[in-house]
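Peer 1:
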Amino acid sequence: MSQTYEYVICGGGTVGCVLASRLSQAGHSVLVVEAGPEDYNDKIMSPVAAPHLHGTEWEYNFMTTKQPGLGNRCVPNYEGKLLSGSSGINYGLWTRGHSVDYDAWAKAVGDERWNYANMLKFFKMTQTHHDPTGSPDKYGFSGPIATTAAARIYPLREPIRQAMSAAGLHYNPDTNGGSPLGFGPFTENWKNALRQPASKAYDLSKATVRTNSVVARVDFDDSKTATGITLTDGTQYTATRDVLVTCGALKTPQLLMLSGIGPQQHLAQHKIPTIADLPVGENYHDKISATFFWKLRNPENGYALGSPLFNKPEFRHGNPIEWVATVPTPHAELIKAAQKDQIDPADPYLQEPRGNVEVMVAYAPIAGGGSEFRVPMDGNHISSPVVLLLPTSRGRVTLASADPTVDPVLDPRYLDTETDRAAIRAGMRMALRVMETEAAQEVIDGETPPPGHEPITSACSDADLDRRVQIVGSSFFQNAGTAAMGTVVDTQCRVKGVHNLRVCDASVLPVPLAGHYQAPMYAFGEAVAEMLLAQEE
């Protein structure tokens with residue numbers, strides 16, 4: 010194996026694989042170093058096995074600090090630890106988010122390359138859209154990732170659709186077309202009942218890939234130019250163009266800080282010499298979820314996962330979900346909460362309806378990873394996961410040790426703002442209203458609350474909802490912002506104060522996006538690859 014490459018990529022995750030493929034296919038020498046294995050076993054590749062990957066060797070199994078917003082619980086958080094990264098262990102959700110999220114990103118950093126109109130090209134480039142009659146102005150039809158939507162007909166399809174409409178949600182058949190507000194078909198990227206890991210979807214045949222290898226630090230010369238990397242076993246590799254850090258929003262800040270890029274005072278605590286004093290690890294944002302469980306009236310009809318009658322072969326081809334709703338916080342509630350948080354009235358967050366919360370109905374009792382409250386997967390329950398999509402709370406990721414094999418410290422400060430608490434309440438009330446409709450009441454027998462608690466309704470108090478989140482709230486594993494564009498990197502992902510070092514993953518997102526980060530990160534990877542190749546011409 011050569012020791013010198015034009016590009017050295019630290020982290021073989023979603024974006025790392027996109028960059029490695031595009032750069033190597035264009036004729037550049039590329040090394041990818043991944044801490045985990047390359048593995049495509051049945052457990053990884055199967056849609057129905059995805060929930061069982063938590064706590065395995067294919068993930069970084071992190072735990073947050075105690076979170077006051079979640080009842081002082083420490084909750085688990087995860088990132089992929091294998092070639093393909095989180096695209097190799099996620100649930101396959103495929104949502105772009107709202108066009109205004111990207112416009113807010115572009116405005117925050119002063120560069121229109123990141124607005125939705127410019128990112129659309131890259132969204133189209135990544136996908137093969139499931140509907141051949143879809144608009145070519147919005148979707149791609151020849152990309153490496155195939156998507157599906159409403160591909161399976163479940164027994165409760167019509168009752169849940171009717172319930173969402175009756176609850177006041179408008180039907181939106183095009184939720185991935187730039188405006189997700191309303192409810193529409195649930196979109197995934199499972200293909201022929203198999204996962205599409207980034208390392209399979211993107212051709213890595215011309216890249217050199219080293220797995221099961223942990224990067225200890227990025228190396229610099231006296232001019233603060235990144236020259237390569239050193240692994241924990243002492244092996245060194247040289248980069249003649251750039252070192253690209255794509256370790257994910259929890260491991261990327263750790264590697265940067267171990268390399269001397271970070272808050273000077275914090276680095277000094279770990280006796281790490283500072284090369285660039287930057288707010289690495291700050292601006293950390295993550296999405297949280299809270300789930301309701303609903304007992305079915307006639308579970309013997311095979312309505313939910315766990316029932317022997319919930320057995321059509323196609324039900325194993327993806328998540329047991331058909332409809333997803335994206336919901337804004339009611340404007341009066343949003344403004345009142347934002348005033349408490351002293352958010353600037355001119356902030357884009359307050360200017361128009363945004364996709365603050367996501368509400369799903371799952372034909373299984375799907376609980377968040379941090380909640381200890383579970384009900385059996387025996388066909389007797391369905392559930393309503395509610396996800397806070399645009400958190401305004403900001404936490405931080407810090408070092409626990411100068412040892413690269415020791416996990417960083419995660420303090421996301423979930424629900425630290427009144428704005429976030431108002432948003433998650435609004436989403437929970439909508440989930441409750443959906444299940445209070447006549448269409449839903451015909452199939453459910455009521456809510457199954459945590460032990461010692463009463464069922465709640467949409468007419469309950471804010472305090473009731475807050476107490477419930479304290480018990481069941483958990484991470485939805487959408488970590489971002491820890492090497493933010495504008496403060497840590499410039500708009501071309503170059504780390505400030507040094508040369509030949511870029512961060513190219515969700516760490517750079519200065520603001521959250523109202524979608525699950527898989528689709529945005531594929532598009533982001535394509536955008537960065539094009540940018541790198543264009544700079545060489």
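Quick note on numbering: the sequence shown equals residues 10 to 546 in this note's numbering. No residue lacks a Cβ here, since even glycine has one placed at the ideal position from N, Cα and C. Please read these numbers as outputs of a predicted model, since none were measured by experiment.
1. Note down the Cα distance separating P288 from V254, rounded to an integer number of angstroms.
2. Run the CB neighbour count on E88, radius 10 Å, all protein chains shown included, and call it buried at 16 or more, exposed below.
3. Measure the beta-carbon distance from R170 to W332 and round it to whole angstroms, keeping in mind my assumption that it falls under 8 Å.
4. Considering only the alpha carbon of each residue, which of M439, R442, K90 and V41 lies closest to G64?
5. Let me make sure I understand the geometry here. Which of S93, Q501, E535 and A440 has the alpha-carbon closest to that of A115?
6. In the DSSP assignment, what residue or residues form a beta bridge with L359?
7. Name the one or two DSSP bridge partners that Q245 has.
8. Taking just the CA atoms, how far does N221 sit from V520?
9. Of all the CB atoms in chain C, is at least one closer than 8 Å to the CB of V41?
10. Give the secondary structure of L343 by DSSP, where H, G and I count as helix, E and B as strand, and everything else as coil.
11. According to DSSP, is G20 part of a helix, a strand, or is it coil?
12. Could you tell me which of L542, A409, R31 and Y372 sits nearest to Y211, measuring between CA atoms?
13. Can you give the Cα-Cα distance for Y125 and F132, rounded to whole angstroms?
14. In three-state DSSP terms, what is Q76?
15. Let me confirm a value: F486 is counted as buried when at least 16 other C-beta atoms fall within 10 Å, else exposed. Which label applies?
16. Less than 8 Å between the beta carbons of I453 and L318, yes or no?
17. Considering L287, what are the terminal residues of the alpha helix (DSSP H) in which it resides?
18. Count the other C-beta atoms from every protein chain shown that fall within 10 angstroms of the C-beta of Q136, then say buried if there are 16 or more, exposed otherwise.
19. Does P77 pass the burial test, meaning 16 or more other C-beta atoms within 10 Å, or should it be called exposed?
20. Kindly confirm or deny that the stretch 282-296 and the stretch 45-58 touch, where touching means at least three C-beta pairs closer than 8 Å.
21. Can you tell me whether E197 is buried or exposed? The criterion is at least 16 other CB atoms within 10 Å of its CB, across all chains shown.
22. Thinking just about the alpha-carbon of each residue, which of A515, A538 and V537 is nearest to the one in Q527?
23. Is M437 helix, strand or coil by DSSP?
24. Tell me where the beta strand (DSSP E) around A124 begins and ends.
25. Could you give the distance in angstroms between the alpha-carbon of G101 and the alpha-carbon of N328?
26. Name the two residues that bound the continuous alpha helix (DSSP H) containing D471.
27. When we look at the beta-carbon of T142 and count the other beta-carbons within 10 Å, is it buried (16 or more) or exposed?
28. Is the distance from the Cβ of I18 to the Cβ of W67 below 8 Å?
29. Please list, in chain order, all residues of the same chain as P529 whose beta carbon is under 6 Å from its beta carbon, the five residues on each side excluded.
30. Within a Cβ cutoff of 6 Å, which residues of the same chain sit near G482, ignoring the five residues on either side of it in sequence?
31. Answer with buried or exposed for F71, where buried requires no fewer than 16 other C-beta atoms within 10 angstroms of its C-beta.
32. If T74 and L542 are in contact, beta carbons under 8 Å, what's the gap, nearest whole angstrom?
33. How big is the Cα-Cα spacing for L213 and C26?
34. For E463, collect the residues of the same chain with a Cβ closer than 8 Å to its Cβ; drop the 5 residues on either side in sequence, then sort them by chain order.
35. So, is G177 buried or exposed, given that buried needs 16 or more other C-beta atoms within 10 angstroms?
36. According to DSSP, G271 sits in a beta bridge with which residue or residues?
Peer 2: The structure says:
1. Residue mapping note: residue 288 aligns to position 279 of the sequence shown, counting from 1. Residue mapping note: residue 254 aligns to position 245 of the sequence shown, counting from 1. Spanning the two alpha carbons is a distance of roughly 16 Å.
2. The residue you call residue 88 lines up with position 79 of the sequence shown. With 16 or more Cβ atoms within 10 Å of its Cβ, E88 is classed as buried.
3. Looking up residue 170 in the sequence shown gives position 161. Looking up residue 332 in the sequence shown gives position 323. Going by Cβ atoms, the distance from R170 to W332 rounds to 6 Å, so yes, they are a contact pair.
4. Taking the sequence shown and counting its residues from 1, one reaches residue 64 at position 55. The shortest C-alpha separation from G64 is found at K90.
5. Taking the sequence shown and counting its residues from 1, one reaches residue 115 at position 106. Measuring from the Cα of A115, the nearest candidate turns out to be Q501.
6. Translated into positions along the sequence shown, residue 359 becomes position 350. DSSP output for L359 lists no bridge partner at all.
7. To locate residue 245, count along the sequence shown from 1; it is residue 236. Q245 pairs with T239.
8. If you number the sequence shown from 1, residue 520 lands on position 511. If you number the sequence shown from 1, residue 221 lands on position 212. Spanning the two alpha carbons is a distance of roughly 32 Å.
9. This model lacks chain C altogether, as it is built from one protein chain only.
10. On the sequence shown, residue 343 is found 334 positions in, with the first residue counted as 1. Correct three-state label for L343: helix.
11. Numbered from its first residue, the sequence shown carries residue 20 at position 11. Coil.
12. On the sequence shown, residue 211 is found 202 positions in, with the first residue counted as 1. The shortest C-alpha separation from Y211 is found at R31.
13. The count along the sequence shown starts at 1 and reaches residue 125 at position 116. The count along the sequence shown starts at 1 and reaches residue 132 at position 123. Computed Cα separation, rounded: 10 Å.
14. For the purposes of this step, residue 76 is identified with residue 67 of the sequence shown, where counting begins at 1. In the structure shown, Q76 sits in a strand (DSSP, three-state: E or B).
15. Position 477 of the sequence shown, counted from the start, is the residue given in the question as residue 486. Classification of F486: buried, given that the 10 Å Cβ count is 16 or more.
16. Translated into the one-based positions of the sequence shown, residue 453 becomes position 444. Translated into the one-based positions of the sequence shown, residue 318 becomes position 309. No. Outside cutoff.
17. Position 278 of the sequence shown, counted from the start, is the residue given in the question as residue 287. No alpha helix (DSSP H) holds L287; DSSP gives it neither H nor E.
18. Indexing the sequence shown from 1 puts residue 136 at position 127. Q136 should be labelled buried.
19. Sequence index remark: in the sequence shown, residue 77 carries index 68 (1-based). By the 10 Å Cβ count, P77 comes out exposed.
20. no
21. Mapped onto the sequence shown, residue 197 falls at position 188. It counts as buried.
22. In the sequence shown, residue 527 corresponds to position 518, counting from 1. Closest by alpha carbon: A515.
23. Numbered from its first residue, the sequence shown carries residue 437 at position 428. Of the three classes helix, strand and coil, the one that applies to M437 here is helix, per DSSP.
24. In the sequence shown, the residue the question calls residue 124 occupies position 115. A small correction: the amino acid at residue 124 is Asn; Ala does not occupy that position in the sequence shown. Note, N124: premise wrong, no beta strand (DSSP E); not H, not E.
25. As a working note, residue 101 is residue 92 in the sequence shown. As a working note, residue 328 is residue 319 in the sequence shown. About 8 Å.
26. Within the sequence shown, the letter at position 462 stands for residue 471. Residues D471 to V481.
27. For the purposes of this step, residue 142 is taken as residue 133 along the sequence shown, with counting starting at 1. Exposed, by the Cβ-count rule.
28. On the sequence shown, residue 18 is found 9 positions in, with the first residue counted as 1. On the sequence shown, residue 67 is found 58 positions in, with the first residue counted as 1. Not closer than 8 Å, so no.
29. Taking the first residue of the sequence shown as position 1, residue 529 is located at position 520. The answer, listed in chain order, is L522.
30. Along the sequence shown, read from residue 1 onward, the residue named residue 482 stands at position 473. For G482, same chain residues with a beta-carbon under 6 Å away, outside a window of 5 residues either side, are L79, I297 and A299 in chain order.
31. Residue numbering aside, residue 71 sits at position 62 when the sequence shown is read from its first letter. The residue is buried, with at least 16 neighbouring Cβ atoms inside 10 Å.
32. By one-based count along the sequence shown, residue 74 stands at place 65. By one-based count along the sequence shown, residue 542 stands at place 533. Not confirmed; about 41 Å, so no contact.
33. In the sequence shown, counting from the first residue as 1, residue 213 sits at position 204. In the sequence shown, counting from the first residue as 1, residue 26 sits at position 17. If you take the alpha carbons of L213 and C26, they lie about 7 Å apart.
34. Position 454 of the sequence shown, counting from 1, holds the residue named residue 463. Here the set comprises nothing.
35. Working through the sequence shown from its first residue, we reach residue 177 at position 168. Per the 10 Å Cβ criterion, exposed.
36. The count along the sequence shown starts at 1 and reaches residue 271 at position 262. In DSSP, G271 forms a bridge with D286.
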